[in-house]
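Encoded as structure tokens, the structure appears first; notes follow it.
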Amino acid sequence: MKIVLEQLLNGLTIGSFYALIALGYSMVYGVMKLINFAHGDLFALGSYLGYTLLVFGSSYATVTFGIWGGMIAAMLIAAIGIGIAGTLIERIAYRPIYSVGRLPAVVSALGASIVIQNGIMVIWGPRPQAYSSQVVPSVMLNIGGIKITLMQIVVLIISFILMGLLFYIVQKTTFGAAIRACALDRSTAALMGINIETIIFFIFALGPALGGMAGVMVGMYYRKISFVMGWNYGLKAFTATILGGIGNIPGAMIGGLLLGVLEMLGSVYISTAYKDVFVFLVLILVLIFRPTGLLGEKIAEKV
Amino acid sequence: MKSNKNINQKNSIFKNWLVILVAILFIALPFIINAYWIDVLFFFGIYALLGLSLNIVLGEVGLFDLGHMGFMAIGAYTTAILNTSFGIPIIILLPISAIAAGAFAWLVCSPIIHLKGDYLCIVTIGMGEIVRLTLNNNPFGITGGSNGVFGIDFPSLGSIFVVDNSTKFYYYIWLIVGLTIVGLVNLQRSRIGRAWNCIREDEVAAESTGIDVRSYKLLAFLLGAGLAGVAGNIYATKLMIVSPESFSFMESCMLFCIVLIGGMGSIPGVLIGAAAISLFPEVFRTFAQYRMLIFGVAMVIMMIFRPGGIWPRKRGALKFESLLIKAGEENG
């Protein structure tokens, strides 16, 4: 029982990373109907940005804000940086080709992804980097016999706060209503006086910002980061997006958490080597029986 | 009408000459360039074959398939395992790997063929990843895990005609690409090709005109996978080793780009796309670590300036005009 609970917590931690990245995919897809393949690499870029900030700014930040304050400051700066990077990519790679259909944007997105990935390699070097234990404390807690690291609790709390915040913005505010309107029907939303350009700008800033924060947290949690990790996490997060129903924001959160838990349970009860096979099999089975994902609504075919 | 006909004739004569010229160039090339570039052109051929096979699924029918490398992996591993364990000659395994990959595609795609657009896309990604991970995990000890299977024979007809050096491999792959192109051009003009294009343009309309959408989609997957299996066979015999990392998701994405950069459903376009993807990194080798960076930038710029691809397909324009001419002649 203890093992199950521990693995569940591990799964939730990984799942919250996936969920945060998946939100970026889902928001962009909802409004643009575009799979932003560069998103996974933006996440990796966030991780590297956080690494640099923590290594070079740690002494200053720690003195000013304390060790946790320094970390949160690094996350916020990384989020802003990645948000800017996301909007830049939208400006350069996607905006010129919105009008010609969806497929050219896929190639453009893949191109952007290759650029970011190799950009990271050129700047930080091809070898994996490590968040040092000096900037990120490693504390093991024992709550009622269940072992959990302090980092895990921090990750869970921060990601649930972020998800809650985003959920609030999207579901309760006027701005969120505008985003949802754009996701439903972009041209009608424009006729209702919603400024599509602004929405797209925020979508491409908000999604990558969340991904960037997830990147910093992945660095703090696993310590090791590499320039190719964007593809792995991106693929998993995209899977989570589809699992929850693409374009659906609560769906992305649930899909991400579920995927993390499935992955952990798969690695405990089946085998670590086949955990990803298990995850993809579950995904395919879900899609066979619910072709639009868990929370995806049935879309009427336009004739 | 007369002048129109002349233009058409001139156009087709020009096209024929172009094809012959390209063919002669390809035959003559190995005498001009060194062994390194012959190998580069061999891999260009492999990418061309893979591009053509994905073009059936993505270009002709418009199904998003981002796990195409999975089919190639099935073909390559079928060849590798049957050849190394049972000593079956490669030339017999060529059709067998095609059949194996096709059968695999039929098996896994039957339950998911009803999925639309991006959902089909993620399922094919999942399928490709499942294939790669399974091969990597060495099921029943037959795939050799991450080391792969090695010691695969050269393709040969008896003991006289053995494909055992770069030049022969070059001719071998381009012969197969050539035959494939002839087959695909005929397929494009056939009832099947038109049905595929109809499904791509409007599925509901296609269904209402009596096209069995499900079967035609499956047929596309089957043929595409079969061709990818052939490519896998040749790839395995050339490298003499197959290992799972050759069939990664990234490679599948590159195939996707080949079709889109070239122009959806356009055979010359796919060849150009394959050339762009396989030759570009070689040409820019002097830039060392900036090579892939430039490659990515080129992809973005490419799509901004030619979103329809380098050589988009002009569908049936020529045929329709010649029909008009015929009608005009009949009417006097």
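So the protein sequences, as listed, match chains A and B. When the count follows our numbering, it moves up by one through the first sequence with no breaks and lands on 303 for the last residue. When the count follows our numbering, it moves up by one through the second sequence with no breaks and lands on 635 for the last residue. Each residue gets a CB set at the ideal place from its N, CA and C atoms; glycine is no exception.
### Query
Hey, how far is the Cα of Pro-333(B) from the Cα of Glu-585(B)?
About 17 angstroms.
### Task
Return the residues of the segment 87 to 115 of chain A that lie within a Cβ-Cβ distance of less than 8 angstroms from chain B, sorted by chain order.
Ile-92, Ala-93, Pro-96, Ile-97, Val-100, Gly-101, Leu-103, Pro-104, Ala-105, Val-106, Val-107, Ser-108, Leu-110, Gly-111, Ala-112, Ser-113, Ile-114 and Val-115
### Message
For Leu-418(B), would you say it is in contact with chain A, using Cβ-to-Cβ distances shorter than 7 angstroms as the test?
### Response
yes
### Query
Who are the Cβ neighbours of Ala-620(B) in its own chain at under 7 angstroms, not counting the five residues just before and after it?
Here the model assigns Ala-620(B) a pLDDT of 46, short of 50, so the residue's position is not dependable and the matter cannot be decided.
### Query
Where do the N-terminal and C-terminal ends of the beta strand (DSSP E) with Thr-149(A) fall, by residue?
146 to 149
### Task
Whole angstroms is fine: what's the gap from Phe-37(A)'s alpha carbon to Gln-592(B)'s?
22 angstroms
### Message
Quick check: Leu-430(B) and Ala-531(B), are their CB atoms within less than 7 angstroms of each other?
### Response
It should be noted that the sequence gives Met, not Leu, for residue 430(B). No. Outside cutoff.
### Task
From the DSSP output, read off the bridge partner residues of Leu-141(A).
Ile-148(A)
### Task
Please list the partners that Ile-425(B) has in chain A, where partner means a Cβ-to-Cβ separation under 8 angstroms.
Phe-238, Thr-239, Ile-242, Leu-283 and Leu-287
### Task
Would you give the residue range spanned by the alpha helix (DSSP H) that Gly-111(A) belongs to?
103 to 124
### Query
Which runs of the alpha helix (DSSP H), 4 residues or longer, sit entirely within the segment 200 to 274 of chain A?
229 to 244 and 249 to 269
### Query
So the alpha helix (DSSP H) Pro-584(B) belongs to, where does it begin and stop?
570 to 586
### Task
If I'm right that Ile-148(A) touches Leu-8(A) with Cβ under 8 angstroms, what's the distance once you round it to whole angstroms?
With a Cβ gap of about 11 angstroms, Ile-148(A) and Leu-8(A) do not count as contacting.
### Query
Apart from the five residues just before and just after Asp-342(B), which ones in its own chain have a Cβ nearer than 7 angstroms to its Cβ?
Ser-469
### Query
Quick one: what's got a C-beta closer than 7 angstroms to Val-426(B)'s C-beta in the same chain, skipping five residues either side?
Counting only Cβ-Cβ distances below 7 angstroms, and skipping sequence neighbours, we find Ile-415 and Leu-418.
### Query
What is the DSSP secondary structure of Ile-544(B), counted as helix, strand or coil?
strand
### Nearest residue (CA-CA) to Ile-35(A), options Ile-143(A), Ser-16(A), Ala-109(A) and Arg-95(A)
Ala-109(A)
### Task
State the DSSP-derived secondary structure class of Leu-166(A), mapped to helix, strand or coil.
helix
### Query
Taking the alpha-carbon positions, what's the Lys-617(B) to Gly-215(A) distance?
45 angstroms
### Task
Starting from Trp-231(A), find everything on chain B with Cβ-Cβ shorter than 8 angstroms and list it in chain order.
Phe-552 and Met-553
### Query
Is there a Cβ from chain A that is less than 7 angstroms from the Cβ of Gly-572(B)?
no
### Query
So with Cβ pairs under 7 angstroms, would you call Pro-610(B) a contact of chain A?
yes
### Task
Evaluate Glu-301(A) with the Cβ neighbour count: other Cβ atoms within 10 Å of its Cβ, from every protein chain shown; 16 or more gives buried, anything less gives exposed.
In this predicted model, Glu-301(A) has a pLDDT of only 47, less than 50, meaning its place in the structure is not dependable; the value taken from the coordinates is given anyway. Burial call: exposed.
### Query
Going by the CB atoms, is the gap between Gly-245(A) and Leu-295(A) shorter than 7 angstroms?
yes
### Query
Does Tyr-422(B) come within less than 7 angstroms of chain A when only Cβ atoms are used?
yes
#### Entry: Reduced DSSP category for Ala-466(B) - H, G, I as helix; E, B as strand; rest coil
It should be pointed out that residue 466(B) corresponds to Val in this sequence rather than to Ala. In the structure shown, Val-466(B) sits in coil (DSSP, three-state: anything other than H, G, I, E or B).
### chain A within 7 angstroms of Leu-436(B), Cβ atoms only
yes
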